[in-house]
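In the working numbering, the protein residues as written are 1 to 286.
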(Lines of atoms letter the chains of each structure in order from A and count residues from 1; the text may use other names and numbers.)
(Lines give C-alpha, C1' and ligand atoms only; values in the text may rest on other atoms or scores of the structure.)
Protein backbone atom coordinates (compact mmCIF):
# COMPACT_ATOMS: atom_id res chain seq x y z
CA UNK A 1 0.00 0.00 0.00
CA UNK A 2 1.32 3.46 -0.92
CA UNK A 3 2.55 5.69 1.87
CA UNK A 4 0.30 8.59 2.84
CA UNK A 5 2.27 11.83 2.98
CA UNK A 6 1.72 14.58 5.52
CA UNK A 7 3.44 17.96 5.24
CA UNK A 8 3.88 20.03 8.41
CA UNK A 9 4.60 23.59 7.32
CA UNK A 10 3.03 25.07 4.19
CA UNK A 11 5.28 27.96 3.30
CA UNK A 12 6.77 28.14 -0.20
CA UNK A 13 8.75 24.92 0.21
CA UNK A 14 6.11 22.99 2.14
CA UNK A 15 3.36 23.90 -0.30
CA UNK A 16 5.61 22.91 -3.21
CA UNK A 17 6.34 19.55 -1.55
CA UNK A 18 2.63 18.94 -0.98
CA UNK A 19 1.79 19.77 -4.60
CA UNK A 20 4.61 17.57 -5.89
CA UNK A 21 3.49 14.66 -3.70
CA UNK A 22 -0.04 14.94 -5.10
CA UNK A 23 1.30 15.17 -8.66
CA UNK A 24 3.25 11.95 -8.14
CA UNK A 25 0.16 10.09 -6.94
CA UNK A 26 0.54 10.17 -3.16
CA UNK A 27 -2.45 10.79 -0.91
CA UNK A 28 -1.27 14.02 0.70
CA UNK A 29 -2.37 16.12 3.66
CA UNK A 30 -0.94 19.39 4.88
CA UNK A 31 -1.01 21.46 8.04
CA UNK A 32 0.47 24.80 8.97
CA UNK A 33 0.71 26.55 12.31
CA UNK A 34 -0.55 29.67 10.53
CA UNK A 35 -3.62 27.87 9.20
CA UNK A 36 -2.59 27.33 5.59
CA UNK A 37 -4.07 28.53 2.30
CA UNK A 38 -7.32 26.66 1.61
CA UNK A 39 -7.52 27.90 -1.98
CA UNK A 40 -3.97 26.77 -2.73
CA UNK A 41 -4.62 23.39 -1.11
CA UNK A 42 -7.71 22.92 -3.28
CA UNK A 43 -5.84 23.89 -6.47
CA UNK A 44 -2.92 21.62 -5.63
CA UNK A 45 -5.08 18.70 -4.55
CA UNK A 46 -3.92 18.10 -0.98
CA UNK A 47 -6.16 17.96 2.09
CA UNK A 48 -5.68 20.88 4.48
CA UNK A 49 -5.83 19.67 8.08
CA UNK A 50 -7.13 21.87 10.88
CA UNK A 51 -4.61 20.68 13.46
CA UNK A 52 -1.52 18.54 13.96
CA UNK A 53 -3.51 15.63 15.39
CA UNK A 54 -5.51 15.36 12.18
CA UNK A 55 -2.31 15.46 10.13
CA UNK A 56 -0.81 12.61 12.15
CA UNK A 57 -3.99 10.57 11.73
CA UNK A 58 -3.94 10.99 7.94
CA UNK A 59 -0.21 10.35 7.40
CA UNK A 60 2.27 7.48 7.33
CA UNK A 61 5.27 9.69 6.56
CA UNK A 62 5.29 13.13 8.18
CA UNK A 63 7.55 15.62 6.40
CA UNK A 64 8.51 18.76 8.31
CA UNK A 65 9.13 21.89 6.23
CA UNK A 66 9.59 24.64 8.79
CA UNK A 67 11.52 27.89 9.00
CA UNK A 68 13.95 27.59 11.90
CA UNK A 69 15.15 25.71 14.98
CA UNK A 70 12.37 27.14 17.13
CA UNK A 71 9.61 25.98 14.79
CA UNK A 72 11.15 22.52 14.35
CA UNK A 73 11.67 22.14 18.09
CA UNK A 74 8.04 23.08 18.77
CA UNK A 75 6.55 20.73 16.18
CA UNK A 76 8.77 17.77 17.09
CA UNK A 77 7.87 18.31 20.75
CA UNK A 78 4.18 18.37 19.85
CA UNK A 79 4.50 15.25 17.70
CA UNK A 80 6.07 13.38 20.61
CA UNK A 81 2.76 13.81 22.44
CA UNK A 82 0.87 11.83 19.76
CA UNK A 83 0.66 8.14 18.99
CA UNK A 84 3.19 7.82 16.17
CA UNK A 85 3.04 4.04 15.83
CA UNK A 86 4.40 3.02 12.43
CA UNK A 87 5.00 6.59 11.36
CA UNK A 88 8.23 8.05 10.00
CA UNK A 89 9.00 11.70 10.73
CA UNK A 90 11.28 13.34 8.15
CA UNK A 91 12.88 16.68 8.99
CA UNK A 92 13.71 18.61 5.79
CA UNK A 93 14.40 22.04 7.28
CA UNK A 94 17.89 23.48 7.70
CA UNK A 95 18.48 23.38 11.44
CA UNK A 96 21.15 22.26 13.88
CA UNK A 97 21.92 18.52 13.58
CA UNK A 98 21.99 18.28 17.38
CA UNK A 99 18.42 19.59 17.57
CA UNK A 100 17.17 16.67 15.49
CA UNK A 101 19.25 14.13 17.41
CA UNK A 102 17.86 15.39 20.72
CA UNK A 103 14.31 14.58 19.64
CA UNK A 104 14.97 11.06 18.34
CA UNK A 105 14.40 9.27 21.65
CA UNK A 106 11.10 11.06 22.33
CA UNK A 107 9.79 10.33 18.83
CA UNK A 108 10.74 6.67 19.24
CA UNK A 109 9.03 6.54 22.66
CA UNK A 110 5.84 7.69 20.90
CA UNK A 111 6.16 4.78 18.47
CA UNK A 112 7.65 6.68 15.54
CA UNK A 113 11.00 7.02 13.82
CA UNK A 114 12.93 10.20 12.99
CA UNK A 115 15.33 10.97 10.15
CA UNK A 116 16.61 14.06 8.36
CA UNK A 117 16.42 14.88 4.66
CA UNK A 118 17.28 18.57 4.15
CA UNK A 119 16.51 19.98 0.74
CA UNK A 120 18.86 21.82 -1.59
CA UNK A 121 17.02 24.00 -4.08
CA UNK A 122 13.90 26.15 -4.16
CA UNK A 123 10.21 25.52 -4.90
CA UNK A 124 10.84 25.51 -8.64
CA UNK A 125 13.28 22.61 -8.24
CA UNK A 126 10.78 20.76 -6.04
CA UNK A 127 8.16 21.10 -8.78
CA UNK A 128 10.63 19.94 -11.43
CA UNK A 129 11.71 16.93 -9.38
CA UNK A 130 15.32 18.12 -9.30
CA UNK A 131 15.74 19.23 -5.68
CA UNK A 132 18.66 17.78 -3.80
CA UNK A 133 17.80 15.55 -0.84
CA UNK A 134 20.48 14.55 1.68
CA UNK A 135 19.28 11.58 3.73
CA UNK A 136 20.42 10.88 7.28
CA UNK A 137 19.04 8.21 9.58
CA UNK A 138 18.90 4.54 10.47
CA UNK A 139 19.27 2.25 7.47
CA UNK A 140 15.68 0.96 7.57
CA UNK A 141 14.23 4.47 7.92
CA UNK A 142 16.30 5.81 5.03
CA UNK A 143 15.32 2.83 2.86
CA UNK A 144 11.65 3.43 3.60
CA UNK A 145 11.79 7.13 2.79
CA UNK A 146 14.02 6.62 -0.22
CA UNK A 147 11.20 4.76 -1.98
CA UNK A 148 9.23 8.01 -1.77
CA UNK A 149 12.16 10.39 -2.27
CA UNK A 150 13.24 8.72 -5.52
CA UNK A 151 9.78 9.45 -6.92
CA UNK A 152 9.84 13.07 -5.80
CA UNK A 153 13.38 13.85 -7.01
CA UNK A 154 16.17 12.62 -9.26
CA UNK A 155 18.87 13.95 -6.90
CA UNK A 156 18.70 11.87 -3.73
CA UNK A 157 21.85 11.01 -1.78
CA UNK A 158 22.09 8.75 1.28
CA UNK A 159 24.68 10.26 3.62
CA UNK A 160 24.76 8.40 6.94
CA UNK A 161 23.15 8.27 10.41
CA UNK A 162 20.69 10.74 11.91
CA UNK A 163 21.98 14.29 11.50
CA UNK A 164 24.35 13.41 8.66
CA UNK A 165 21.95 14.73 6.04
CA UNK A 166 21.89 18.14 7.70
CA UNK A 167 25.68 18.07 8.01
CA UNK A 168 25.89 17.44 4.25
CA UNK A 169 23.49 20.31 3.56
CA UNK A 170 25.66 22.61 5.65
CA UNK A 171 28.78 21.61 3.69
CA UNK A 172 26.88 22.08 0.42
CA UNK A 173 25.65 25.55 1.30
CA UNK A 174 28.87 26.84 2.82
CA UNK A 175 30.53 25.86 -0.46
CA UNK A 176 27.79 27.63 -2.39
CA UNK A 177 28.23 30.75 -0.26
CA UNK A 178 31.68 31.23 -1.74
CA UNK A 179 30.20 31.35 -5.24
CA UNK A 180 27.46 33.75 -4.22
CA UNK A 181 29.95 36.03 -2.50
CA UNK A 182 32.48 35.98 -5.34
CA UNK A 183 30.19 36.32 -8.38
CA UNK A 184 28.98 39.89 -7.65
CA UNK A 185 32.58 40.95 -6.94
CA UNK A 186 33.72 39.40 -10.21
CA UNK A 187 30.97 41.26 -12.10
CA UNK A 188 31.84 44.56 -10.41
CA UNK A 189 35.45 44.10 -11.47
CA UNK A 190 34.41 43.19 -15.00
CA UNK A 191 32.22 46.26 -15.27
CA UNK A 192 35.12 48.43 -14.06
CA UNK A 193 37.23 46.92 -16.86
CA UNK A 194 34.61 47.81 -19.47
CA UNK A 195 32.49 44.64 -19.71
CA UNK A 196 28.71 44.95 -19.67
CA UNK A 197 26.59 42.82 -17.35
CA UNK A 198 24.77 40.96 -20.14
CA UNK A 199 28.05 39.84 -21.69
CA UNK A 200 29.37 38.65 -18.34
CA UNK A 201 26.15 36.77 -17.58
CA UNK A 202 26.34 35.04 -20.96
CA UNK A 203 29.84 33.67 -20.51
CA UNK A 204 29.44 32.97 -16.80
CA UNK A 205 26.40 30.83 -17.59
CA UNK A 206 28.64 28.57 -19.69
CA UNK A 207 31.68 28.73 -17.44
CA UNK A 208 32.82 25.47 -15.80
CA UNK A 209 33.56 27.53 -12.70
CA UNK A 210 29.93 28.61 -12.24
CA UNK A 211 27.83 26.40 -9.96
CA UNK A 212 24.43 25.24 -11.30
CA UNK A 213 22.67 27.18 -8.54
CA UNK A 214 24.43 30.45 -9.38
CA UNK A 215 23.82 29.81 -13.09
CA UNK A 216 20.10 29.41 -12.47
CA UNK A 217 20.06 32.69 -10.52
CA UNK A 218 21.96 34.82 -13.06
CA UNK A 219 18.77 36.34 -14.57
CA UNK A 220 17.66 37.33 -11.07
CA UNK A 221 21.11 38.77 -10.35
CA UNK A 222 20.62 41.04 -13.36
CA UNK A 223 17.13 42.07 -12.27
CA UNK A 224 15.44 40.12 -15.09
CA UNK A 225 13.51 37.72 -12.83
CA UNK A 226 11.72 38.71 -9.62
CA UNK A 227 10.67 35.16 -8.69
CA UNK A 228 11.49 34.33 -5.07
CA UNK A 229 12.92 30.84 -4.75
CA UNK A 230 14.63 31.35 -1.41
CA UNK A 231 14.43 34.65 0.43
CA UNK A 232 17.29 36.67 1.87
CA UNK A 233 15.63 36.36 5.29
CA UNK A 234 15.72 32.57 4.95
CA UNK A 235 19.30 32.58 3.73
CA UNK A 236 20.36 34.76 6.66
CA UNK A 237 18.69 32.33 9.06
CA UNK A 238 20.55 29.42 7.43
CA UNK A 239 23.82 31.35 7.57
CA UNK A 240 23.39 31.68 11.34
CA UNK A 241 22.96 27.89 11.59
CA UNK A 242 26.09 27.29 9.50
CA UNK A 243 28.22 29.80 11.41
CA UNK A 244 26.94 28.47 14.73
CA UNK A 245 27.82 24.93 13.74
CA UNK A 246 31.29 26.07 12.71
CA UNK A 247 31.77 27.88 16.01
CA UNK A 248 30.70 24.79 17.95
CA UNK A 249 33.62 22.97 16.33
CA UNK A 250 36.06 25.85 16.85
CA UNK A 251 36.10 26.79 13.16
CA UNK A 252 35.96 30.19 11.45
CA UNK A 253 34.10 30.23 8.12
CA UNK A 254 35.19 33.51 6.50
CA UNK A 255 33.40 33.05 3.17
CA UNK A 256 30.16 32.21 4.97
CA UNK A 257 30.64 35.15 7.32
CA UNK A 258 31.14 37.47 4.33
CA UNK A 259 27.98 36.15 2.71
CA UNK A 260 26.04 36.54 5.96
CA UNK A 261 27.17 40.16 6.19
CA UNK A 262 25.93 40.80 2.65
CA UNK A 263 22.57 39.25 3.56
CA UNK A 264 22.40 41.49 6.64
CA UNK A 265 23.11 44.62 4.60
CA UNK A 266 20.54 43.62 1.98
CA UNK A 267 17.91 43.02 4.66
CA UNK A 268 18.68 46.37 6.26
CA UNK A 269 18.05 47.89 2.81
CA UNK A 270 14.56 46.37 2.81
CA UNK A 271 15.31 43.35 0.60
CA UNK A 272 14.67 40.60 3.15
CA UNK A 273 11.71 39.14 1.27
CA UNK A 274 13.54 39.15 -2.07
CA UNK A 275 15.32 36.15 -3.60
CA UNK A 276 18.92 35.59 -2.48
CA UNK A 277 20.06 36.60 -5.95
CA UNK A 278 19.01 40.15 -5.11
CA UNK A 279 22.21 40.35 -3.07
CA UNK A 280 24.09 40.59 -6.36
CA UNK A 281 21.96 43.53 -7.48
CA UNK A 282 22.53 45.13 -4.09
CA UNK A 283 26.31 44.80 -4.50
CA UNK A 284 26.31 45.87 -8.15
CA UNK A 285 24.23 48.96 -7.42
CA UNK A 286 26.36 49.95 -4.43
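No residue lacks a Cβ here, since even glycine has one placed at the ideal position from N, Cα and C.
On a predicted model such as this, the values are computed, not experimentally measured, just so you know.
Taking a C-beta distance under 8 angstroms as the contact criterion, residue 150 and residue 156 qualify as a contact pair. In this structure, DSSP gives residue 62 an extended state, which the three-state scheme calls strand. Check the Cα spacing between residue 230 and each of 209, 277 and 215: the tightest is with 277. Taking a cut-off of 8 angstroms on C-beta distances, the stretch 83-90 touches the stretch 103-116, as three or more cross pairs fall below it. A distance below 6 angstroms between beta-carbons, with the five flanking residues on each side excluded, links residue 204 to the following residues of its chain, in chain order: 210. Residue burial annotation: residue 193 is exposed, with fewer than 16 other C-beta atoms found within 10 angstroms of its C-beta. For residue 116, the enclosing beta strand (DSSP E) begins and ends at 113-116.
Rounded to whole angstroms, the Cβ separation of residue 116 and residue 91 is 5 angstroms, and the two are in contact under 8 angstroms. A direct Cα-to-Cα measurement between residue 88 and residue 222 gives close to 42 angstroms.
Shortest Cα-Cα distance from residue 60 to any of 7, 80, 50 and 16 involves 7.
For residue 91, the enclosing beta strand (DSSP E) has its first and last residue at 88-91. When the alpha-carbon of residue 235 is set against those of 153, 265 and 190, the nearest one is in 265.
Note: residue 120 is bridge-paired with 132 in the DSSP secondary-structure output.
Following the DSSP letters along the chain, one finds residue 199 in no beta strand (DSSP E) but inside the alpha helix (DSSP H) bounded by residues 197-205. Beyond the five residues adjoining it in sequence on each side, residue 73 comes within less than 7 angstroms, by CB distance, of 99 in the same chain, given in chain order. Taking the Cα positions, residue 13 is about 7 angstroms away from residue 122. Within the stretch 127-181, the complete beta strand (DSSP E) segments of 3 residues or longer fall at 132-136 and 155-160, listed in chain order.
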